[in-house]
Amino acid sequence: MFQSSLSQKKLKQIDIRKNHHYYLNAPYQISVLSPEQQKFEQQNESANSQQTYQNNSYTQFTEDLYFRKHSKLFRDLRSTSNQNNNNQLNNINQSFIFRIKSKNHLQEEPLILDNLGQREKDKKTKDLVKVLHEMKKKRQKYIQKEQFIPRSPIPLLKRQNCIYLDEPQVERLTKHIKNLPIINKKEPGLNNAQQNDTQSNFQKLSNHGNLEEQFQSKLVSLQQFIFQLQCNYLLYVKQSQVRQQTYFIEEISQNEQIIIQLMKKRWWWCESLEKSEDVQFYWSQKLNQQFLQKQQTHALFDITKERVINPQILNNHEEFLKFAQEQKMTFIQQNSRIHNHLDLYQIFNLKKNLIKFINKYQTLANEELQQFFPYSINVANIQDPQFNIYQIKYKLTNSLWLVKPGEKFNNHSQIKLCQNTKQVSDFITSELKNSNRVVDSFIIQQYIKPFLYQKRKFDICAYILITSFNGIVRVYFYDEVIGRTSSKEYSDNDLDPLTHFTNSQVQKECKSFSSYESGNKLSTEKLQEFFNQFKINFREMMISKFKMIAKNIFKSIFTQMVLRDYNFEIVGLNFIVDTALKPWLIDANLNPSFIPDCPFHQKFLTQLLDSTFQYTLDLLYPPPLNWPQNKKQLIENFTTRDRFSVIFDSRFDSEILLALYQKDIN
């Protein structure tokens with residue numbers, strides 16, 4: 000800071016206790032040096048300014064002057080002040096004031112500067128002014144470039160490792176850089192993938208305002224889909240703002256992680272690490288009878304349930320609630336207990352009972368026996384009349400037969416393949432005479448000569464979902480099926496299990512497993528392509544027949560059921576197509592395997608289980624109204640596609656069945 004002061008005759012004493020600034024009046028003298036001398040002096044002044052800047056810290060030194068170091072600036076200042084007399088201050092016609100900021104002074108003592116000599120006779124004072132002026136310019140320059148680092152007794156930790164160069168070092172470094180060759184490096188352009196990513200990111204940012212609208216639209220569609228399912232059972236579950244339920248998964252294989260993944264996507268569910276029967280959803284390989292005993296039972300037919308509700312197009316939960324009240328739907332509390340099993344063990348797992356119920360239903364319905372199920376009998380002893388009839392009827396036939404345990408069996412190693420009736424009779428006779436046998440009875444089933452896929456045997460696996468909610472039983476057929484192929488070419492004379500049994504447990508033992516098809520699996524599209532060669536619409540002809548057979552199978556066992564709320568069951572049905580292109584049901588299994596054999600199979604099972612959970616878990620525990628921000632992207636994993644077709648509804652089919660069986664009793 001400079002200031003003209005012609006009338007000033009003495010030094011000013013300034014108290015700067017608050018802002019820590021020290022002011023100094025120094026005389027100014029016009030330069031009389033030549034241009035060359037001035038240039039030389041300016042270079043010296045620049046160097047002195049750099050030294051002064053590097054020593055910018057002060058403490059009290061002596062005689063009212065404040066110093067931290069013996070800098071050149073203050074040594075010159077002190078020597079100049081001592082040479083002047085106080086009586087000559089009257090002739091000072093021009094001066095300036097500069098200030099220096101200090102952090103280490105004593106605030107209680109004012110700053111007093113010695114008197115200075117006449118500026119006309121003091122050349123050193125003029126040099127000092129130039130040095131200070133240059134120092135001020137340098138200081139401002141460094142501050143503007145954010146390169147100024149004040150020196151302090153307390154080091155700046157973030158910059159304590161910095162290296163500061165003096166001016167000669169900077170000049171040498173600058174010259175060295177200028178002498179380096181110039182390399183014109185061309186920045187590579189963005190490739191197509193990077194451009195697409197950039198455009199994609201830009202598109203995401205530009206559509207950020209529409210993301211919430213898209214989420215709300217998909218959530219409403221999902222809510223409408225679930226409400227439609229609730230109307231099918233004449234029940235309503237009021238949606239909550241936030242709700243969290245617990246589930247427990249028991250005895251799950253490491254290869255069946257699909258179930259865990261689907262539960263994690265339903266973020267409003269929480270897994271229980273300890274086995275407990277107090278959870279809202281209990282998944283297990285086997286039926287948990289204690290869990291079922293705590294559930295409410297219903298009659299097979301309830302006339303109060305015999306009505307249909309067709310919901311209108313409703314857009315929010317308030318409209319759902321109003322519609323449910325108007326239709327007098329059953330309001331379900333949010334503490335329902337769900338199990339993935341129905342009490343069907345005695346029906347499906349005991350093959351002898353399944354055969355008995357099927358034969359009885361066909362007799363009562365006046366349907367031709369063996370219309371969709373191969374000839375099968377259960378033999379418990381050698382004197383069984385059915386066994387004697389079989390031996391007489393098929394004595395002269397030379398066809399393949401299957402002998403299965405009448406009770407539950409774990410694998411196909413317990414199935415015996417016989418080439419003729421004599422082998423069947425000999426095997427059963429020897430087994431029934433064995434007192435150490437494991438099974439009590441045997442099933443003799445006719446072997447269906449298969450229609451071949453590329454000279455190999457194949458069968459078709461379909462799935463049905465049985466649900467029991469609010470006293471209403473509904474059975475759904477999953478519209479997608481999967482084909483299973485053998486790894487060896489078919490031959491009647493070859494009794495190798497790899498030729499005749501297409502399940503993965505057997506086929507994985509073959510070295511050529513997955514050599515023809517990935518995981519020995521065929522999709523519905525692949526099956527359609529295959530049957531197109533024979534001018535057969537696989538979906539319209541074959542799958543429609545599968546649905547009819549599945550419906551008749553369930554009708555035959557419905558009267559044996561015990562209805563409990565709220566449970567479901569996935570049943571696997573194995574079909575085979577004979578040489579006349581007629582489908583046959585050869586087996587039905589509770590709790591089929593959900594272990595994928597290939598990526599396509601994994602996708603198939605994932606969609607099957609996800610649709611199952613939508614028709615069961617989401618129906619009783621729909622998604623909450625409020626989704627956390629970090630969970631909203633999961634809405635993309637939910638679909639409203641209806642992959643199930645209804646093949647049985649107890650509201651309309653049970654009354655006819657009960658009347659049919661009641662007539663037989665009378």
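Each residue of the sequence shown is one higher than the last, beginning at 0 in numbering that gives the first Met the number 0.
Glycine residues also receive a C-beta, built at the ideal position from the N, C-alpha and C atoms.
Through-space distance from PHE356 to LYS237, alpha-carbon basis: 40 Å
Cross-strand partners of ASN348 (DSSP beta bridge): None, per the DSSP bridge assignment.
Chain B within 7 Å of SER555, Cβ atoms only: Chain labels in this structure do not include chain B; a single protein chain is all it has.
Integer Cβ distance of LYS520 from CYS597, believed to fall under 8 Å: 6 Å
Span of the alpha helix (DSSP H), counted from its first residue to its last, around TYR389: 384-392
CB of LEU607 within 7 Å of CB of TYR452, strictly: no
Three-state secondary structure assigned by DSSP to PHE476: strand
Beta-carbon proximity list for GLN311, same chain, < 8 Å, skipping 5 on both sides: PHE322
Cβ neighbours of GLN284 in the same chain (closer than 8 Å, five flanking residues each side left out): GLU249, GLU250, ILE251, ASN590
7 Å CB neighbourhood of TYR389 in its chain, flanking five on each side removed: ILE376, ILE443
Residue burial classification, CYS460 (beta-carbon count within 10 angstroms, cutoff 16): buried
Counted within 10 angstroms of its Cβ, other Cβ atoms place TYR65 as buried (16 or more) or exposed: Its pLDDT being 43, under 50, TYR65 is placed unreliably in this model, and the coordinates cannot settle the point.
For LYS630, the three-state DSSP class (helix, strand or coil): helix
Of the residues GLN445, TYR475, LYS662, ILE381, the one placed nearest PRO373, counting alpha carbons only: GLN445
Proximity winner among LEU624, SER424, TYR515, relative to LEU221 (alpha-carbon distances): LEU624
Within 7 Å, strictly: CB atoms of GLN345 and ASN352: yes
Terminal residues of the alpha helix (DSSP H) in which VAL505 lies: 503-506
Rounded distance between the beta-carbons of PHE300 and VAL474, thought under 8 Å: Going by Cβ atoms, the distance from VAL474 to PHE300 rounds to 15 Å, so no, they are not a contact pair.
Three-state secondary structure (DSSP) of TYR379: Note that residue 379 is Ala in the sequence shown, not Tyr. Of the three classes helix, strand and coil, the one that applies to ALA379 here is coil, per DSSP.
Cα-Cα separation, ILE302 to THR605: 37 Å
In chain order, each beta strand (DSSP E) run of at least 3 residues that lies wholly inside the stretch 221-257: 244-248
Limits of the unbroken beta strand (DSSP E) element including LEU401: 400-404
Nearest-angstrom Cα separation, counted from THR615 out to THR466: 8 Å
For LYS359, the nearest candidate out of PHE386, ILE556, LEU349 (CA to CA): ILE556
Environment of LYS595 [buried if 16+ CB atoms lie within 10 Å]: One detail in the question is off: residue 595 reads as Pro in this sequence, not Lys. So PRO595 ends up on the buried side.
CB contact flag (THR611, LEU416, <7 Å): no
Cβ separation of ILE447 and ILE575, assumed to be a contact under 8 Å, to the nearest whole Å: 5 Å
Spatial distance of ARG436 from PHE330 (CA atoms): 53 Å
For PHE457 and THR578, the rounded distance between their alpha carbons: 12 Å
Beta carbon of LEU349 nearer than 7 Å to that of GLU406: yes
Counted within 10 angstroms of its Cβ, other Cβ atoms place GLU276 as buried (16 or more) or exposed: exposed
Other residues of its chain near TYR232: CB distance less than 7 Å, five sequence neighbours each side excluded: PHE468, ASN469, ILE471
DSSP state of GLU305 mapped onto helix, strand, coil: coil
Terminal residues of the alpha helix (DSSP H) in which VAL423 lies: 420-432
ALA587 vs VAL570 beta-carbon contact at 7 Å: yes
Proximity to LEU659 [Cα-Cα], best of ASN365, GLN295, ARG138: ASN365
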